[in-house]
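Numbering (UniProt numbering), first residue to last: 1 to 335. In what follows, a single structure is set out as structure tokens and then discussed.
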């Protein structure tokens, strides 16, 4: 199984210019793809950032040479009409052919409610996602599309600049419905850190959905976010991920909380060490970062995106890029 390695440009952690600089360096040290988060509000308020992913990707494509670029994750459900996502990524696909991908999902309240949308339950958001994927594909391949769904409509909508090839669409999520949808209609699947016993269940669902729909599971890109904090001082590396305690709020993805200040307040009494159970690998050496990546290869993922929330991002890119990344590509980068 050939494995590729990418860098996560976490827009929550850095302003757009710094994020761009880090991503350019990431390509130079050998990362093969770059994924950026697509948020309106970040996961945390203190020292938080939230650049606009779709315009930032245009700058990234121009500033880099060949690295693949895309989002993780874009929710085409409320603030984004799926036709606009088709147009945006169609445009990027024309500018950077063969380099662009988009991951879509059911979204989070922090990115939709601030723009005046009520936060629907999962059932509605999932139905919206299914319709959105159909609309995006139709607009990339057909002319003057009319579509009447439960939530979205098109009336003779036409993209005059269609991308060729079409950017791959990944479906992101860890629940049965979204994983099955990935196997049914997506070009790839995107997962996140979870307890290791969760992955056999996920891949069984994905494999079954692929088989039922005449698709080859082994050929499907299976991407995962590998969250690490790297520093020779363990306590320093651990403290740096404290802002991400908000992901530990019970049922946070389904909740209606949309204000990062409220997220921080609800997470303030959570012990940061809980993040190390499976969400974050705190690493004091390049070898430990390598082991974190290898763990997810062992689970069955073939596209590893390293999300570094390290005290010194430049040092992470230099140390891991010059040693760990080259080792991983030599060991796993060949069919």
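Think of the CB as a built atom: it goes at the ideal place given N, C-alpha and C, for glycine as much as any other residue. Quantities reported herein were computed from a predicted structural model and do not represent experimental measurements.
ask   = CB of residue 136 to nearest heavy atom of the ligand ATP: below 7 Å?
value = Because no ligand of any kind appears in the structure shown, any question about the ligand ATP cannot be addressed here.
ask   = For the beta strand (DSSP E) that residue 307 lies in, which residues bound it at each end?
value = 303–308
ask   = Any idea what DSSP makes of residue 229, helix, strand or coil?
value = strand
query = Thinking C-alpha only, which one of 296, 298, 40 and 97 is nearest residue 356?
reply = Here the chain comprises residues numbered 1 to 335, so residue 356 is not present and cannot be evaluated.
query = Per DSSP, what kind of secondary structure is residue 328 in: helix, strand or coil?
reply = helix
query = How about residue 49 and residue 14: do their beta carbons lie closer than 8 Å?
reply = yes
ask   = Hey, would you say residue 99 sits closer than 8 Å to residue 61, going by beta carbons?
value = yes
key: Host alpha helix (DSSP H) of residue 95 (start-end)   = 82–95
ask   = Between the Cα of residue 102 and the Cα atoms of 119, 130, 135 and 70, which residue gives the shortest distance?
value = 70
query = Closest to residue 24 by CA distance: which of 52, 41 and 68 is it?
reply = 68
query = What does residue 210 pair with, by DSSP beta-bridge criteria?
reply = DSSP output for residue 210 lists no bridge partner at all.
query = With a cut-off of 8 Å, do at least 3 Cβ pairs link the segment 302–312 to the segment 226–245?
reply = yes
ask   = Just to confirm, are residue 114 and residue 41 a CB contact at a threshold of 8 Å?
value = yes
ask   = Would you report the Cα separation of residue 76 and residue 151, rounded to the nearest angstrom?
value = 12 Å
query = CA-CA distance, residue 220 and residue 28?
reply = 27 Å
query = Nearest-angstrom Cα distance between residue 45 and residue 260?
reply = 5 Å
query = Does DSSP classify residue 2 as helix, strand or coil?
reply = coil
query = Where residue 84 and residue 236 are concerned, what is the direct C-alpha to C-alpha distance, given to the nearest angstrom?
reply = 42 Å
query = Can you list, in chain order, the stretches of the alpha helix (DSSP H) that have 4 or more residues and sit fully within the segment 20–57?
reply = none
inquiry  = Assess contact between the segment 177–192 and the segment 203–210, defined as three or more Cβ pairs (one per stretch) separated by less than 8 Å. Is contact present?
reply    = yes
query = So what's residue 249 in DSSP terms, helix, strand or just coil?
reply = coil
ask   = For the candidate residues 331, 286 and 141, whose alpha-carbon lies nearest to that of residue 322?
value = 286
query = With C-beta atoms as the reference, is residue 372 less than 8 Å away from residue 66?
reply = Past the edges of the chain, shown from 1 to 335, lies residue 372, and the structure says nothing about it.
For residue 107 and residue 146, the rounded distance between their alpha carbons = 25 Å
query = Per DSSP, what kind of secondary structure is residue 18 in: helix, strand or coil?
reply = helix
key: Assigned secondary structure, residue 110 (DSSP; H/G/I helix, E/B strand, else coil)   = helix
message = Tell me which residue opens and which closes the beta strand (DSSP E) that residue 333 is part of.
response = Here residue 333 belongs to no beta strand (DSSP E), and DSSP marks it neither H nor E.
inquiry  = Quick test of your reading: residue 300 and residue 243, contact by CB under 8 Å. State the CB separation rounded to the nearest angstrom.
reply    = The pair is not a contact, with the Cβ atoms about 30 Å apart (cut-off 8 Å).
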